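A.B. asks: Sharing a structure below in structure tokens format, with a few things to ask.
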Amino acid sequence: TRAPVPPGPAAALLQALGLRDAPQGAPRLRPVPPVMWRLFRRRDPQETRSGSRRMSPGVTLQPCHVEELGVAGNIVRHIPDRGAPTRASDPASAVGHCPEWTVVFDLSAVESAERPSRARLELRFAAAAAPEGGWELSVSQAGQGTGAGPRPVLLRQLVPALGPPVRAELLGTAWARNASWPRSLRLALALRPRTPAACARLAEASLLLVTLDPRLCHPLARPRR
Amino acid sequence: DAEPVLGGGPGGACRARRLYVSFREVGWHRWVIAPRGFLANYCQGQCALPVTLSGSGGPPALNHAVLRALMHATTPGAADLPCCVPARLSPISVLFFDNSDNVVLRQYEDMVVDECGCR
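In order, the protein sequence lines correspond to chains A and B. The opening residue of the first sequence carries number 1 in this note's numbering; numbering runs sequentially from there. The opening residue of the second sequence carries number 1 in this note's numbering; numbering runs sequentially from there.
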């Protein structure tokens, strides 16, 4: 039983589990985000009550539904920003001249059959001090509208103070629910202080993507008898 | 890590037996974050009469299975016994790293045998 698994059956098993290839392993310096641990612990009956398959009384999990986020789905991905390593360290926070950041999310792992139900952009800013009234964040699609006027802004949001991450739903704004998946998503972020004040630094950006793969959701495929 | 079957044969009535699947054993521990393994279980046992009629604590057998068991009891060579197979399964969730360095939580249906039945 400890002999190496032949490639044929192993590949077939991975395919049945919806994976193209066996992942290579844990990347270095990539901790598991707390939100992913929370979602896992909420879904895992063996974690909820060790040694038993039964859930705690009162806890009923719907199949193909992510309770904590309140949407349908059987796949949740935490996608890190690929633009961070190439981004130069932000210039000193000149008053009124905040830098613009481009964040890049690799969506190549998402299968075309998957239906999106949530795409939550999460941003964490850092600054020495928060200005009165906070900042105004604008998000637009990077690489569009250059040379022909300003880029269309996908969303604007107030960043009130430093602390909890800024969250913004992209589904329906950055791309339509029924649109095909882009291979990657590039967004331009701009932060503008509402009163003359120092700028913040983009410390972290990620995308929490929830999708439903109907091939792996049997309640959808099989009508209830 | 499977519950041993006594005598090497089908070993009693059809029911769920303990089977623990360790992701380390199958070599997936480098990319599966959690769980380390799970109780998949499996079905084994005989579906002869009267086990098939009683359901053996699990769900009632299909009418077709009862007829096959009756056929086998009256004419053993005419029909095989019904099969002891999973009758109720439940999902598990797996947290892992994919090849794009994403942290992924996927729910997989029908991964754990909760009950077995004669089918």
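Glycine residues also receive a C-beta, built at the ideal position from the N, C-alpha and C atoms. Just so it is clear, the structure is predicted and the values come from calculations on it, not from any experiment.
For H78(A), which beta-bridge partners are listed by DSSP?
C.D. replies: L208(A) and V103(B)
A.B. asks: Got a sec: is the Cβ-Cβ distance from D81(A) to anything in chain B below 9 Å?
C.D. replies: no
A.B. asks: From this set, G12(B), L49(B) and S90(B), which residue's C-alpha is nearest N41(B)'s C-alpha?
C.D. replies: S90(B)
A.B. asks: Determine, using beta carbons only, whether Q24(A) comes closer than 9 Å to chain B.
C.D. replies: Closer than 9 Å: yes.
A.B. asks: Since D213(A) and G18(A) should fall inside the 8 Å C-beta cutoff, what is the C-beta to C-beta distance between them, to a whole number of angstroms?
C.D. replies: 6 Å
A.B. asks: Cβ closer than 8 Å: which chain A residues qualify as neighbours of V103(B)?
C.D. replies: R30, V32, P33, M36, R77 and H78
A.B. asks: Given a cut-off of 9 Å, decide if E136(A) and R194(A) are closer than it, judged by their beta-carbon atoms.
C.D. replies: yes
A.B. asks: Checking contacts by CB at 9 Å: is G163(A) closer than that to chain B?
C.D. replies: Residue-level contact by beta carbon fails for G163(A) and chain B, as no gap is shorter than 9 Å.
A.B. asks: Using a Cβ-Cβ cut-off of 9 Å, state whether R106(B) counts as contacting chain A.
C.D. replies: yes
A.B. asks: Can you give me the start and stop residues for the alpha helix (DSSP H) that P34(A) sits inside?
C.D. replies: P34 to R43 is the span of the alpha helix (DSSP H), which, as asked, contains P34(A).
A.B. asks: E169(A) to L39(B), Cα distance in whole Å?
C.D. replies: 37 Å
A.B. asks: Are at least three pairs of beta-carbons, each pair with one atom in the segment 93-102 of chain B and one in the segment 72-80 of chain A, less than 8 Å apart?
C.D. replies: They touch, by the three-pair rule.
A.B. asks: With V66(B) as the anchor, note down where its alpha helix (DSSP H) starts and where it stops.
C.D. replies: N63 to T74
A.B. asks: Kindly indicate which three-state DSSP category A11(A) falls into: helix, strand or coil?
C.D. replies: helix
A.B. asks: Do L202(A) and L123(A) have their CB atoms nearer than 9 Å?
C.D. replies: yes
A.B. asks: Measure how close the beta-carbons of P86(B) and C118(B) come, nearest whole angstrom, since I'm counting them as under 8 Å.
C.D. replies: Wrong, their Cβ atoms sit about 12 Å apart, outside the cutoff.
A.B. asks: By DSSP, does H29(B) sit in helix, in strand, or in coil?
C.D. replies: coil
A.B. asks: Give me, in chain order, the residues of the same chain whose beta-carbon lies closer than 7 Å to that of A142(A); leave out the 5 immediate sequence neighbours on both sides.
C.D. replies: T102, R186, L187 and A188
A.B. asks: What does A109(A) reach in chain B if we use C-beta pairs closer than 9 Å?
C.D. replies: Within chain B, the residues whose beta carbon sits less than 9 Å from that of A109(A) are D98, N99, S100, N102 and V104, listed in sequence order.
A.B. asks: Quick test of the definition: if touching needs 3 or more C-beta pairs under 8 Å, does the segment 32-43 of chain A touch the segment 102-109 of chain B?
C.D. replies: yes
A.B. asks: When the distance is taken between beta carbons, is R177(A) closer than 9 Å to P116(A)?
C.D. replies: yes
A.B. asks: Apply the 10 Å Cβ neighbour rule to P31(A) and answer buried if 16 or more other Cβ atoms are within range, or exposed otherwise.
C.D. replies: With fewer than 16 other Cβ atoms from the protein chains shown falling within 10 Å of its own Cβ, P31(A) counts as exposed.
A.B. asks: Could you name the residues that DSSP lists as bridge partners for T102(A)?
C.D. replies: For T102(A), which the question treats as bridged, DSSP gives the partners A188(A).
A.B. asks: So is R68(B) buried or exposed if we call it buried at 16+ other beta carbons inside 10 Å?
C.D. replies: Buried is the call here.
A.B. asks: Go to A126(A), then tell me how far its beta strand (DSSP E) extends in each direction, as first and last residue.
C.D. replies: R115 to A126
A.B. asks: List the residues of chain B whose Cβ lies closer than 9 Å to the Cβ of L39(A), in chain order.
C.D. replies: Neighbourhood of L39(A) in chain B, by CB distance below 9 Å: S93, L95 and L105, in chain order.
A.B. asks: Give me whichever residues DSSP pairs with P86(B) in a beta bridge.
C.D. replies: C116(B)
A.B. asks: To which residues does DSSP link F23(B) through a beta bridge?
C.D. replies: Partner(s): none; F23(B) has no beta bridge.
A.B. asks: What residues from chain B crowd round R177(A), counting only those whose CB sits closer than 7 Å?
C.D. replies: Here the premise fails: no neighbours, minimum Cβ distance about 21 Å.
A.B. asks: Under 8 Å by Cβ, that's how I've got V139(A) and V153(A) pegged, so tell me the actual separation to the nearest angstrom.
C.D. replies: 7 Å
A.B. asks: Confirm, please, whether the CB-CB distance from C98(A) to A190(A) is below 9 Å.
C.D. replies: yes
A.B. asks: In chain A, which residues lie with their C-beta within 7 Å of the C-beta of A34(B)?
C.D. replies: Within 7 Å Cβ-Cβ: F40.
A.B. asks: Measure the beta-carbon distance from S184(A) to V104(A) and round it to whole angstroms, keeping in mind my assumption that it falls under 8 Å.
C.D. replies: Correct: roughly 6 Å between the Cβ atoms.
A.B. asks: Could you tell me whether the Cβ atoms of C84(B) and R15(B) are closer together than 9 Å?
C.D. replies: yes
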